[in-house]
Structures are given as C-alpha cells and as structure tokens.
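Participant: I am attaching a structure below and will ask some questions about it afterwards.
4 protein chains.
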Amino acid sequence: MGQPQQPDQAEAEEPGAPGPDAGAGTVPRAGAVAPPAGSTVGDGPRVGYWPAGLAGGTEKPQLRVGMVGYAFMGAAHSQGWRTAGRVFDLPLTPVLAAVCGRDADAVRAMADRHGWAGTETDWRQLIARDDIDLVDICTPGDSHAEIALAALAAGKHVLCEKPLANTVAEAERMAVAAEEAYAQGRLAMVGFNYRRVPATALGRRMVAEGRLGALRHVRVTYLQDWLVDPEFPLTWRLRKESAGSGALGDLGAHIVDLAQYLAGEPVVGVSALMETFVRERPLPAGVSSGLASSGGTAGRGAVTVDDTALFTGRFASGAVASFEATRFATGRKNALRIELNGERGSLAFDLERLNELAFHDHTEPAAHAGFRRILVTEPDHPYLDAWWPPGHGLGYEHTFVHQARDLVHAVAAGRRPEPSFADGLQVQRVLAAVEESAEKNSVYTPTHTPTAV
Amino acid sequence: MGQPQQPDQAEAEEPGAPGPDAGAGTVPRAGAVAPPAGSTVGDGPRVGYWPAGLAGGTEKPQLRVGMVGYAFMGAAHSQGWRTAGRVFDLPLTPVLAAVCGRDADAVRAMADRHGWAGTETDWRQLIARDDIDLVDICTPGDSHAEIALAALAAGKHVLCEKPLANTVAEAERMAVAAEEAYAQGRLAMVGFNYRRVPATALGRRMVAEGRLGALRHVRVTYLQDWLVDPEFPLTWRLRKESAGSGALGDLGAHIVDLAQYLAGEPVVGVSALMETFVRERPLPAGVSSGLASSGGTAGRGAVTVDDTALFTGRFASGAVASFEATRFATGRKNALRIELNGERGSLAFDLERLNELAFHDHTEPAAHAGFRRILVTEPDHPYLDAWWPPGHGLGYEHTFVHQARDLVHAVAAGRRPEPSFADGLQVQRVLAAVEESAEKNSVYTPTHTPTAV
Amino acid sequence: MGQPQQPDQAEAEEPGAPGPDAGAGTVPRAGAVAPPAGSTVGDGPRVGYWPAGLAGGTEKPQLRVGMVGYAFMGAAHSQGWRTAGRVFDLPLTPVLAAVCGRDADAVRAMADRHGWAGTETDWRQLIARDDIDLVDICTPGDSHAEIALAALAAGKHVLCEKPLANTVAEAERMAVAAEEAYAQGRLAMVGFNYRRVPATALGRRMVAEGRLGALRHVRVTYLQDWLVDPEFPLTWRLRKESAGSGALGDLGAHIVDLAQYLAGEPVVGVSALMETFVRERPLPAGVSSGLASSGGTAGRGAVTVDDTALFTGRFASGAVASFEATRFATGRKNALRIELNGERGSLAFDLERLNELAFHDHTEPAAHAGFRRILVTEPDHPYLDAWWPPGHGLGYEHTFVHQARDLVHAVAAGRRPEPSFADGLQVQRVLAAVEESAEKNSVYTPTHTPTAV
Amino acid sequence: MGQPQQPDQAEAEEPGAPGPDAGAGTVPRAGAVAPPAGSTVGDGPRVGYWPAGLAGGTEKPQLRVGMVGYAFMGAAHSQGWRTAGRVFDLPLTPVLAAVCGRDADAVRAMADRHGWAGTETDWRQLIARDDIDLVDICTPGDSHAEIALAALAAGKHVLCEKPLANTVAEAERMAVAAEEAYAQGRLAMVGFNYRRVPATALGRRMVAEGRLGALRHVRVTYLQDWLVDPEFPLTWRLRKESAGSGALGDLGAHIVDLAQYLAGEPVVGVSALMETFVRERPLPAGVSSGLASSGGTAGRGAVTVDDTALFTGRFASGAVASFEATRFATGRKNALRIELNGERGSLAFDLERLNELAFHDHTEPAAHAGFRRILVTEPDHPYLDAWWPPGHGLGYEHTFVHQARDLVHAVAAGRRPEPSFADGLQVQRVLAAVEESAEKNSVYTPTHTPTAV
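Chains as they are written, first to last, in the UniProt record's numbering: chain A, 1 to 453; chain B, 1 to 453; chain C, 1 to 453; chain D, 1 to 453.
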C-alpha cells in the first residue's frame, strides 16, 4: 500500500526526510518508540491525502510537549505541534500538554486559543512534571541556557529557539549538556526554522549533490524595516540584557546558520561593522511583546543593542562571504536573501518569495543558460509529498510544522536532530567574532574552533 | 435579488473583517449564537498573539461540521476547520464532527489523520444526524446539487465546493433553495476560496474604494500543466459525467468568480473557444483521486472534457475581458494571474506569488509612477491581524482557514455569507455561455440574466 | 583571420545571420554587390571591436537610401541606417541619400539633425532620382501601397513600415508587385522590427530547433496606456482614413506577425471583439505627429478606430492562441508579452525587458525545472557578436540597426528578405479576419488562405 | 574644494539637463562657443523627433575629438560621439577627428569602421595637432595620467576613462592639473558612464529632492562571471602593472562612484577583504584586448590582481554601506545592483534591467506601500525627451551618448563637467583605502580627506 505522506528511506540527515528504521538507533533511548514496521514513503503513485491503510493515530505513542514562552514564537510553535501529525505520518503523536508563562490569565487564554491542555506559571514546575517528554523553549535568549540545562538534566528532550544563547559561554555549556544528554537518549535541537523552508532544504540538497562545484561566494542579507520609526518603543528586543544583541542575534543568527547550512561548511573568520542609528527610544509603559507594545510610554531609554550588523567573512574552503542584518531597510519586510556562487552553478533564495529557488547551471551552453525559477512545490521536493499539488505554495508557519515533524522523527529514531546545540554554538561563535571585530575597528577576527564539542 | 457580485453596503461584507454586532441580525436564526459581547477585531495596538482578556474558548457555542468527500479538498477543508479557531477569535468554535466517504476504511484513516471525531459512509446518514450544524461538500461536482439540496432541507448550513454544480439548472435549484433556507436562518456558501487570499481581498477593497476608476480591461489566465503528458491517466476530472467540464469548470470557474468579485460587476457575454488536445488517455485500473491515480492502467478511454477554454467577454460596465484556462501550459503550475486596468489605476495578482499584489496608481506623476509590489502581510491587510509580522507570508491552505473564519462569523451573525449560491449560479451561467459559444462557432453569447434569484 | 563582427555561414534565413556567399544568388540582381570573398564570421576568439584585417570601408559599394516620412519611424530608421555599417561588417555601405516630407523646412531640419544628405518634398521626385537604390517608407499606412508600388516600378528596393497596408486588397497588390520585382532583382521587406530583438530571434531559433515540441498555446498581449486620458487629442492614429485601424493595426499587426514568426506557422482563424472606449476627442489645432501634437485644440471629433482589439485564434497545427492589443492598459507602456507553450517546453518574452528571454525546459526532472531567465547578450546570441560584452544590454532602436543590417545583406546577396511583403499580407489577412469577426458578433472567421502569392 | 560628490547648486548640473545660458559662464574659456541663443530643451509640447526651427547643424561650431585607444571603450565612445548630435540638440557639433593606436593597420581599420577621419600611432602626435579640441582617453589605466596631463598641458579638453588612474598619487596630480586647466578654460571629465543611465540619474534627482530622507544603508554589488573558467587567459586586465587592480579597479571603481553619486556624499572609511581565487592562468600568445584574446597560449603566468573585493564602509552622514565586486559570480553577467534605504524611502537599481528604477515611498500608508517599478522611459525622465516614446527602452551604449552630450554642453558653457577629476580622485582614495585595509587584516581604514584639491 503506497502511503504517500510517509517519508522515504533517504539519508537521515536530509531535511524533509526522516530517519531510517528506528531499530538502527545506536544510542539508548528513553521513551522513544519505533515507527510502524514497514513504514515506507513516497513509493508508488499518489492516491490521496491520507494513508488508506493507516490503522489510526490513536494507537501511536505520544510525544508530550511542554512549551515555555507564549508570544510570537509560542504561537508559531503551537501551529507546528498541532499540525505536524495531521499532515505528516509521524511515528509519535505530538500532544500539546502544557504551556508556561508568568501571567496566569494570559497563559490560560493562550492555552485555550491554541489548544494546550494545561498551563504552568513557573518553568521549573513544567520541567518537574512527569507527563512532559519534550520542553520547547520560546522565551527571549537570556533564559535559554538556564531552562535548557535544567530540562536536559530533568531528562527531557529540548527544542530551543534561536539564538541558542546570549553568550558563547552559555552556548558551550548547553552544547556539552546536549552531548551528555544524548548519551542518555535525550535529544536537543535549536530552532533555526529557515532550514526547513522546502526551497532552502532543496538548495542544501543541490549543494550536497555538487551542483555548485567549488564555492566562491556567499552573499546574504536579512533586511527588515520595523525600527525605522524613531518613536517605535524600547521593547525587550532592544535591550542587551534581554536580547543579547539586536539585529545581529535576531536576524544575523538566522543568516549565519543558513549560510553555513547551505554551504555545508563553517565560517572561519569575519570583519564586522555594527551601528545603532536611533540611540534613544520611548519606554513602553505597558506590556511589551518584542515586536510591539501596548499602552502608553513613560519617558525615553537608551537602545543598547545594534540596529544593524554588516560583516564580510571567509568560509573554511576559501569562499568569501558578505552578511548584512538590519531593521532599517525601508520597504524590506522580511528580506532574507541568500546567493551562493560556485564554479559550476549558483543558487539564490528570497524569504519573501519562499516557494521559489533560483538556480543557474553553469555547465550548460551560455546561449541557453540563466537563472531558473524553481517553484518548490513538487512532490519530490523536501516536505512536499505531504502537502498540496504543484504550484500551491506554503507559508512561513510551515517551517514550524516541518521542524516539529523532523524532531518527532529524530526522537522516535533516537537520532541526533539537526541543527544540534553544537550547530547553535557554532553560530554563537561567529556572532561573538562579529561583535569582537566590530569592537576592534573591524579587524579580521577568526571564529574560535569548537573544541569541547 | 440583484447582482450578486456587487458588494453589500455593509462593511461587514468585507472579507477578513468580522460581522457586525450579532444583535443586528434581522433574520431568524437556528442555533446561531451571538459573539462574546464587546468582541472586536483589529482595533487597538497589537499586544500579542492571543487575546489577553479572552475568557476561554471552551465556553463558546460550537459549530459542528460534517464533511462529505475526503480527498484533496477534504484535506484542505480539514486544515481550515481545525485552524480557524486557533488563529482567529471566533464567536463559535468549529468542531470536526464527522467525515463521510464510501470506503469505510479509507474514511476512518482520513478521520484519524485529520482529527474528525466520527465517520459516515452514506452522506444521507450524515445529514440525518442531529449533532451536525453544517454540511461541507467536497465531492466532485456531479453530486453537489443532490447533497446540498438535501442538507438545506434537513436544516443544515451548507458550504459547497466550486463549481456550484455541473449545470445551470442544478445551480438554479440550489440558489432558490439557499434563498428559501436563508429565510429559515440557514446559510449557504460556495467555496471560491481565492476570494480569501489576503491579496485578492485587498484588491477588492481597493477597487471598491475607487482606486481604479472606470474599468477598461480585465485579463485573467489560470495556467497549469499537469495534463501535458499524454500518458496521464483518465481520472474523474477528465470525464464529463463526473466533472461536468474540464479546465473550464475546474479553473475557469475560479477565474470567472474572481474576475467578477474584483471587478464588482458581472460578465454579460462571452465568445469562446474550447479544445481537447489529447483525446484519448490510459484508463486507471485502481483508485483515482482526480489529480493522480494508483495502480496500473486498463486500456484507453476518451477524454470527454476540454483541456483548455479561452474566451473574451464584456462586463456590465462596458469593460472588456479575456480569460484562459488550461492544463497544458508547460512550466506553469498554478498561474492564476489577473490584471485589471482602470482609468485611474491598475491591479495585478499572481497566485504563484500569493502574498503580493501589484498596484499602479495612474493619478501620480508619470515620472514616479509604476506598478508597486505590495507585500500583503501588514496588520491592516485583510485577515492579517491574526497572523504573523510583516513579510512572513501565508500559503495556499490559509484560504480555507479564512473561508472557515468568514463562514463562522456569518453563521454567528445570521448574515448571508459571500460568495452565495447566487454568486455560484452567476458563475455557472457564464460557464454555460462559454460552452454555448464554443459550440456555436465562438459567436458572442450573452450570459442569461439571473431572474429567479 | 578571425573577424568577429562578420556574420557566419549559417542558414540564410536566421535573423542576425547574413546570407551565404552572394555567388549563390539565383535571381538576377541589379546593383547588388558580392560581399568580400572569404567573408566569415564568429570563428576564433574575439579579439576586439573592429576587424583588424579589414581593408577599409571606403572601397565598399554603397546602398543609397531615400526615406519617405520623417517622424517617429523616420528617426528610428535614420538611427538604423546610420549605425548598421559602423557596428556590423556589411557588404554594402548604407548612405543616407535623401529624406522626403511635405514641409520643406521641417524636412530640412530633420535631414540636418539625422545626417541625410538631401531632401525632397514630393515622394515621386525621390523615387525618380537615379542616385537612390532603396526607398524606405515611414509614412502612415494609407500611403504605403501607392509609394511602394511606384518605387518597385521605378526599380528600387523597398523597405515598408508595418502594417503593410490599410486593406487586404492593397496588401495583395503589393505582394504581387514584390514578387514580380524580385524576378527583376529588386527586393521588398516589411518593417516588423520586433523580429529583430535578439531575444525574439533566439526564441525563433529555439522553436525551430524543436525545443518546444508540439505547440499547444500562444498568448500574446501588446499593452500601452497613452490613450487613457480622454483629453488626448485626435491625432492621425485615431482616424480610420489615415491609420486604417487603431490598436489593431498599430499593435495588433506586431503581435500577429511576432506570434506567427515564433510559432513558425500561420493563424488560420480568429474570433474577435473590438471596442472604442472614448468615442470623441479634442481636435488638434496644430501639428500632429501621431503620438503627440502641438498647439491648442479646435473642438472635438469622432474617434473612428478601435481603442482595443481582443481575439482568440487557431494556428495551422491546432495550437490555440489569445491576442490582446490596447492603448488603455494603465501603467503598461510597451508591454508586448508573448508566451508559447509546447509539449516539451515554453518560452516567454516581454518587450519592456527586451534583453531577456524566459525558457522552461519540460524535459528536465520536475525537481529542477523552471522558467530560466536567459540574458540575451551572449556572443552566440543573434546579432550579439557585434555588440558589447555579456550583460551589456541593447535598446529599442537596435531593432532598426538589425533590420538595416539584414536588409543590406539580403540586397548584397540578392536573397529574399524576411519578413517579405507576403508575410505582411498574411498579417493583413489576419487583421481583416479580426475586423470581420468583430463585425459579425465575434463569430469564428477563417483567415483567407493566400493564393496569389 | 569641498566634497565633489555633492551636487552643485546649479540646476545645470543635473545630468540630462542642458547648461544655462552660456553667457553666464564666469571663467575664461578658450574655444568654447555659446549655444544658439534661445536654445532650450524639453520645454513645450513635444512635436516630433527633430527641432522644427533649427537652422541646420552645419553652421554650428565644432568640437573636434581625438581618441586614444580603440578597443571596447573606444568602440563605445565612438558610438557616443557619433550619435549625440543626431539625437540631442547640441550647441557644438562633435567631430570624430582622429583615433590613435600603436598598430597602424588596426587603428586604420577601426577608424574606417567607426567613422574617424584620421589616425595616429603616437598619442603625442595626436595631442600636438591643432585641429583637436578634446582628447578622449580610452587606454588602460596605467597610461591615463601621462596622457591626460600632457593633453591638458597642450590646451585640450580631456575625457578620461575610469578609473582615473592606477594610483592616488597620479590621480592627485591629474586633479590638480584639471583645476589649473579649468582656470584656462579647459575642462576635464572622468568617464563614470553609469551616472548617465536615465534610471540612475533619476535616482540621483529623487535623492536630491529628499525622497529618501536620512540615509541609513547603501548596498551595492557588481557581479560578473567571466573569470570563472580557470583556463581564461591572462590578459592585461589580470596584471597589476597594466590594470592597477582587478575587480576592484574595474568594477569597484564604478560602484564606489555610483554609490557616492546617488548618496550625494563621500565614503569616509572602509574595511575590506580581497581574494584571488585562481592564481595562475594561461598566458595568451597573441593579441589581448582585455576581455578576450586571440591565438594560442604560451605557458602560464601569475594573476597579480584581485578576483574579488568585498568591503563595508561608512558615509559621511553615518549611513553604512556594503560593496562587492567580483568576476566569479556564476550566472551574473553585469549585475551592478545598488539599493539605498533612507528614513523616508528606498531606491533600487539593477544594471541588467537598466530601464527600471525601483522606489519605495515609506511615507505612504503601509497598506498600499511597496517597491514600485518605474519604467524610466518617460519624457520627463533624464535624457528621455530626445529618445523614444514611453516603454521603448535604451541600452548600455546610450550612457556614452549621454556622456558626450553632457560634456559638449559643459564645453559650450565653460562649466565644470561632472564627474570631475576631483570626483575621480575621491574614488581613487576609496580604492586605495580598500587595498590598505585588505593588506592590514581588514582593519577599518579612513579614506584620506582630499586636501590638495
């Protein structure tokens, strides 16, 4: 029986493709459950939008999720957990067990809205619960390390939003803890969701296939414009103590990870320039959720993070790169744009048109060559066999559905998920080198090689 | 009852905007429930991703949905019903009560996957159930009329997939029945989901605001390519008895409705040309779900529907139009493209880039004028206040979430939903005029004016 | 010696490639001169921007041009004749011998500006001159037939602007006369310059190579907006007696020719709708040059031509087509857009981005397929070996340079140029069928098969 | 002498706009000639394609041009000089008096092809001629200083290709000499032709009008791919002694000038990274013209210039910038792309689509805002009143026509042309800072403030 939604036997690391038979798992697993025997994917013609022979999801083992934080990312992760098992054929059924936040009324309302069974107001209580298998951390970066370390220590799987931490030291501890936890069968993943856009996952596949040849250039920008107005209030995202950094940690973390992911190699050094254009902003009087605030204002306060970070860099292979993250690019709303140029071909992607990937095949005769626009909506594109017919595109939130899907497969198989905490640490090291370079008059600053991990 | 394409005077009719105070309802309603007092949408600064003061969804009245058909459209509608109440603040909570299909195992599997509480194998049983408030019809067009008429007669609200029916006669009966049912407080809507792309809803708003001035041109294509391969099997979509017509009913229905919706006026006549390029195809041996089939083939059969339909036409105002629907436009996957040119401005939309709307303001000085790309992801764009920050786009399936949202609001308010069955009938009349013109050597053929409705 | 600017020995009919050795000419030629023996092109690496071994242009025979008409087209043709021999290595040197217009002062000023040696105020005088080899007709359509017939009768080569004539009867006489003149060694060409955009010429080459396979669809629009303002004056282009028709003859002629050229086959029938949106306009008081006028106005007059023409049609092979020509598409300035869909691939072109051709290769795996943007600026693209490095684009007027180049080669080789008057007649027949269909309620109207030619 | 990038107060400095009444000239002029009294441009309705009242070009004074160098740039400049007076109404008639090159046969052939009256084989002879008013230097950068200084000393006007020189020291001498020559009525201009694309000139006008507000970001790339093939031969452009630098001087010079021109302010410091990917290439055996070579190869030699240069920088106002110049961006042929983000709006331009300018007006309501594509072909766009109707685009070579036009106006008016040698020097200082930073581990390196000039 063809079961089109189920993933195939392809290499376990490829996004959109799950792990091999769980029986192949080589590490001890606590609570992980094998997928249905004989589970296969993608073979045979596509007969419909559900698996005709499926015995019913109720009998599957559950993966009980407890989420900390309930704002923008909390909403996005909720969509991911709720939808993943409806669209993909998963070995475990995600259960929205409990959501945690300090304001009891607000977290209750959020739980009702998004379908979380319970609530907590103290993340330590959440972690202490027996009926939680996985802790999903959606708080600002300053609390990531503490929560993640405690959750891993408590025997939970952990999904942690990016950036992994606000400092390299924290990130290093987290990566060590993740490695130790893995030996106990517990998994840790960092939420670089843009790896899970079908178009970027396809791009990674094409690079890995050698379609770009020797890499020469990576250029990537992440342009937004929501801070252009000098009267935009001083939310937590604009304070170093909560956010760690500004555009750098928020947007720069994404593009460093995505660039390294697509290139398949690390950034080894950078030269950086950072700037804060508007150095004082109105203090919000009421609730602040990061991207917006309610209520009036109460005086003005200093912006203590960067408005923009620009840096050039080198990859391990000798390819050169340029990066730019900003919240002041008027008219650009979410313009994460990346281009890779190799000796044999090039790729280009723009998050504002996330269903498309541009590819230039330089091995073709010049008379017929050119960047082609691949509409990444075909059944044999990553993640797409479970979705809609060609041309019927996906949106931003689907990256969280795919993230949940891939993590569930990893848990079931006892396999290290990607991006790992070590990947998150590597990004953190690059961000630290950026800050160091910016402080040292832009001098070229090597990224410290990971040693502990 | 006038011309269904013209927007109602009430602000409430705007897609993405909620209904007025339910107390304003002027027709009897059975089972409809007022939204929470004070419920408003989109006013005030945005404080987060859920309403802080909401008392909790569990106390809301329910809207219990029974769905007939469970293939492509069934999956899409499931996503819509499951998600609408999680994202939008709805006056009623949609409940996925039961799904109906002839193959008991398959429908059971689908119900498990998508979260439908129960199953039925006979739609008459579904309709007979007391615990169903709304029947959602996702079957091929040949069964729409029978099911919808029975469901309305049984006192259910009805959502019927497009095209409304396979013939004008059926559609007329359905429109009459819908009108009668409305007097009893029961609502009927047809599933032209492309009205609920935020970009098209914004386009409608801009036309209604007069930004285009006197309309001169509408040109619209719906281009797909999945039939180019002559070995693609003869599924139900290629047989007149099940599908009614080919590209015309499937794609042409969408573009006729969308053109009339955006223009705000009806097509009054057409001149058409239809063609079947591949007249014989392999018979599928196994299950056929419309866009694909499993199993082998068993000989060849005649394609009895059109592969393409092209027509020119006139709108009531004197604007001229061109339409093209095809499944043979190699490389075009879902290219529903529409452009409207008016004396004061123009709009253009492409479903393959559904988060964008192009607008040319002809009242600006020529030196600075040009088509602008509006990224339709701002909080004050239709439906967007409930979704993500600017630049974080939506996908195809969100149209079904919005459709569910709007229908729930209409039911709660006892207000006629749009597009109504009368709107569906108007589309059917245009399609019939197209077929008549094509049979009569393309002679210009007026669209019969609606009389009964 | 590599002489990169010189054309190669490729098939004579391909645009951008000149004829074979003139010695191969099989018809009598009067005044035609063989190109330099051993002329070859494009072999060897490109060494520079002039032929190192060229003996000097002064010794080449001349082609003395007399031009009738001196407005928009006159200026464009002047650029073509003046530049062609500077960029391309031509067998004959074009000489701007004389320009003719009724207003002696104005034509003198134009001659001085554009470098025409002499002037005439009566085209009969121009034709009577011994020192004119080729008559270039740039007047409105109502005088084409008379001038062209007289010029051919006087033993001149003729280049006639499009549309060939204002009626089929005139065009037929012209095609017959051209055929008779050819027997006397005199050539006639019609000025469909859009065949000579490198991108369209490349498109034709790709179609001829079979890259599209069986043709299914052609859709083409030519959208302008300069008549949207109802106060735009009633110039000659808006009067049937001078222009023959409106958007149809002006824009429609171009797209019918380009569609037939790219498809490589004729349109065999059409169903049409024509409309005049603004039926009365101010009469210009002063000089009118077609696209603009000076001076004030003197009352209002009736517009006697179409503002727009839309038609569907069939090609000889069974492919279907849609056409739209309009001067009311607000925001579209020169949007000649054509797309061809075949079983194996598709092409798309937009005159507003004339250095690009989009190509979809449907024989590639779906996972990597998509429309590619070919930047048509490579040395092995048509006409490009004589111009700039890759990526350095050409403009509108270059089509006239290429037209002059190709005609000079044809004259030197005594070879029939394309598009011929027979090609112009075929376009005229399609336009006549369009007008006939529009008058007959859009009924499908076959294009009369050429018989005399 | 201030900051050369800042626009002159005089309206006359706007590209595409002619000079004021020559009588307003305040400096001594030798040989400069007043334009015809009453000569104006662009005022009044457009009546045609030539000035009806023009007395005839033969009576105009001449500007006799002698050109040194005759390869790619020589061909482009020839087109410019030959065409400018045919299209624009110029106060002086450019005469292609003589072209100079070392190979007598080759330069003779080039002169014949492009219409130069005479030839020279020694540039000193050219400069010594009485019948030359202006020396146009199209040689590689290593000879610019010597020729320009000699020409100015000989009392000639000078147009010098970019980069102005290969070193800052040379450029400083040239700028001083230009200033001294100006006191004698002789003018000097540097050939940054991309200022004269209508779209960039429009962009400059919009920035000057304040449409961008406070500038925050400039990002600019110039991407080509002609060196990707490691077997591409070692032409003069790849050797430091002839070219000075690689991508930096060739492409980087263009983008630094264009960025400063559009921003209206200088770059004050940079942090740079340079790389040579392919360090050895085949030596060309025969003639080498920079972009190509003929003949075979003779061993391999070291590439002594950069393949790519990336740098970040700061503008005087505090805006930050990123620059990238490369010849290794596979699939990018001539992708000079620049974007400026200001507090009130943004501009974007791509040389591969040079008839377009994208503009985002951030003062509009977010619901209707977005980047608009201005098709820069309107009569009130810079330079466009002399060309074709809207939508009929120009090409690369037109920048040289416009350059010739503007220089002729400047000469006639005795007015300093832009970009001046001081502008060229400023670019040179930035390039030098880039090289210095790249050598010093990317440390931020201020651009030395012009002092001598």
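By construction, the Cβ of each residue, glycine as well, lies at the ideal position given by its N, Cα and C atoms.
Can you confirm whether A/Ala367, when its beta carbon is compared against all beta carbons of chain C, has any partner nearer than 7 Å?
Facilitator: Answer yes: the Cβ-Cβ gap between A/Ala367 and chain C drops below 7 Å somewhere.
Participant: Within the 7 Å Cβ cut-off, does A/Gly370 reach chain C?
Facilitator: Chain C, which has a Cβ nearer than 7 Å to the Cβ of A/Gly370, makes this yes.
Participant: On the DSSP bridge list, what partners appear for D/Pro446?
Facilitator: Per DSSP, D/Gly269.
Participant: Thinking B/Leu212 and B/Gly66 are a contact (beta carbons under 8 Å), I'd like their distance in whole angstroms, please.
Facilitator: Going by Cβ atoms, the distance from B/Leu212 to B/Gly66 rounds to 41 Å, so no, they are not a contact pair.
Participant: Which residues, in order along the stretch 375-402 of chain B, keep a beta-carbon less than 7 Å from a beta-carbon of chain D?
Facilitator: Residues passing the 7 Å Cβ filter: Leu375, Glu378, Asp380 and His381.
Participant: Under 7 Å between beta-carbons, which chain A residues line up against residue 457 of chain C? List them in chain order, please.
Facilitator: No answer is possible for residue 457 of chain C: the residues shown for chain C start at 1 and end at 453.
Participant: Closer than 6 Å by C-beta to A/Trp81: which residues in its own chain qualify, once you throw out the five before and the five after it? Chain order, please.
Facilitator: Counting only Cβ-Cβ distances below 6 Å, and skipping sequence neighbours, we find Val65, Pro94, Leu96 and Ala404.
Participant: Report yes if the CB atom of D/Leu262 is closer than 7 Å to the CB atom of D/Gln428, and no otherwise.
Facilitator: Not in contact: D/Leu262 and D/Gln428 (Cβ atoms no closer than 7 Å).
Participant: Is it a yes or a no for the stretch 212-229 of chain C touching the stretch 250-265 of chain C, going by three-plus beta-carbon pairs under 8 Å?
Facilitator: Yes, the stretch 212-229 of chain C is in contact with the stretch 250-265 of chain C.
Participant: Please determine, among A/Pro419, A/Ala438, A/Asp105 and A/Thr399, the residue with the shortest C-alpha to C-alpha distance to A/Glu120.
Facilitator: The option with the nearest alpha carbon to A/Glu120 is A/Asp105.
Participant: So the candidates are D/Gly395, D/Leu347 and D/Gly370; which of them puts its Cα closest to the Cα of D/Ala208?
Facilitator: For D/Ala208, the nearest C-alpha among the options comes from D/Leu347.
Participant: Can you give me, in chain order, the residues of the stretch 74-88 of chain D that have a beta carbon less than 9 Å from any beta carbon in chain C?
Facilitator: Result list: Gly74, Ala75, Ala76, Ser78, Gln79, Arg82, Thr83, Gly85, Arg86 and Val87.
Participant: Let me know if B/Pro389 comes out buried or exposed under the rule of 16 or more other beta-carbons within 10 Å of its beta-carbon.
Facilitator: With 16 or more other Cβ atoms within 10 Å, it is buried.
Participant: If you draw a straight line from the C-alpha of A/Ala188 to the C-alpha of A/Leu159, how long is it?
Facilitator: Each residue's Cα considered, the two are about 6 Å apart.
Participant: Per the DSSP calculation, B/Asp350 is bridged to which residue(s)?
Facilitator: Per DSSP, B/Arg337.
Participant: Please compile the residues from chain A whose C-beta is within a distance smaller than 8 Å of the C-beta of B/Glu352.
Facilitator: Ordered by position in chain A, the residues that pass the 8 Å Cβ test against B/Glu352 are Asn355, Leu375, Gly391 and Gly393.
Participant: Tell me the rounded alpha-carbon separation between C/Gly318 and C/Ala214.
Facilitator: Using only the alpha carbons, I get a separation of about 9 Å.
Participant: Hey, is A/Ala438's beta-carbon within less than 7 Å of any beta-carbon in chain B?
Facilitator: Not one chain B Cβ lies under 7 Å of A/Ala438.
Participant: Report all residues from its chain with a CB closer than 7 Å to the CB of A/Gly57; omit the five preceding and five following residues, and keep chain order.
Facilitator: Model confidence at A/Gly57 stands at a pLDDT of 43, short of 50, so the residue's coordinates are unreliable and nothing is read from them.
Participant: Helix, strand or coil for residue 455 of chain A per DSSP?
Facilitator: Nothing about residue 455 of chain A can be reported from this structure: the residues present for chain A run from 1 to 453 only.
Participant: Got a sec: is the Cβ-Cβ distance from B/His114 to anything in chain A below 7 Å?
Facilitator: Yes, because at least one Cβ of chain A sits closer than 7 Å to the Cβ of B/His114.
Participant: What's the C-alpha gap between A/Arg173 and A/Val411?
Facilitator: Whole-angstrom Cα-Cα distance: 22 Å.
Participant: Given 8 Å as the limit, is there contact between the stretch 370-385 of chain A and the stretch 366-375 of chain C, that is, 3 or more CB pairs closer than that?
Facilitator: As far as the Cβ criterion goes, the stretch 370-385 of chain A touches the stretch 366-375 of chain C, which means the pair count is three or higher.
Participant: To which residues of the same chain is C/Ala329 closer than 6 Å at the C-beta, ignoring the five residues directly before and after it?
Facilitator: If we look at C/Ala329 and ignore the five residues flanking it on each side, its Cβ neighbours are Leu223 and Asp225.
Participant: Please classify D/Glu180 as buried or exposed, where buried requires at least 16 other C-beta atoms within 10 Å of its C-beta.
Facilitator: Its Cβ having fewer than 16 others within 10 Å, D/Glu180 is exposed.
Participant: Do you know whose CA, among B/Gln79, B/Phe400, B/Pro230 and B/Ala366, lies nearest C/Asp229's CA?
Facilitator: Here the closest residue by C-alpha is B/Ala366.
Participant: Would you kindly check if the distance between the Cβ of C/Phe400 and the Cβ of C/His157 is under 7 Å?
Facilitator: Result no, Cβ atoms of C/His157 and C/Phe400 do not sit closer than 7 Å.
Participant: Mind checking if B/Glu343 is an interface residue toward chain C, Cβ cutoff 7 Å exclusive?
Facilitator: Closer than 7 Å to some Cβ of chain C, the Cβ of B/Glu343 qualifies, so yes.
Participant: Helix, strand or coil for A/Met174, going by three-state DSSP, please let me know.
Facilitator: Correct three-state label for A/Met174: helix.
Participant: Compute the distance between the beta-carbons of A/Gly101 and A/Val107, then report whether it is under 7 Å.
Facilitator: Yes, these two residues count as a Cβ contact at 7 Å.
Participant: For a test of the three-state rule: what should DSSP assign to D/Gln62, helix, strand or coil?
Facilitator: Looking at D/Gln62 - three-state DSSP - the assignment turns out to be strand.
Participant: Applying the 10 Å Cβ sphere with the 16-neighbour rule, what's the burial state of C/Gly299?
Facilitator: C/Gly299 comes out exposed.
Participant: Any residues in the stretch 314-342 of chain A with a beta carbon nearer than 7 Å to a beta carbon of chain D? Which ones, in chain order?
Facilitator: Those would be Val320, Ser322, Glu324, Thr326, Phe328, Ala329, Thr330, Gly331, Asn341 and Gly342, in chain order.
Participant: Determine, using beta carbons only, whether C/Ser143 and C/Ala272 come nearer to each other than 7 Å.
Facilitator: Their beta carbons are not under 7 Å apart, which means C/Ser143 does not touch C/Ala272 by this criterion.
Participant: Given this structure, state the Cα-to-Cα distance separating D/Ile255 from D/Ala169, to the nearest angstrom.
Facilitator: In a straight line, the C-alpha of D/Ile255 is about 21 Å away from that of D/Ala169.
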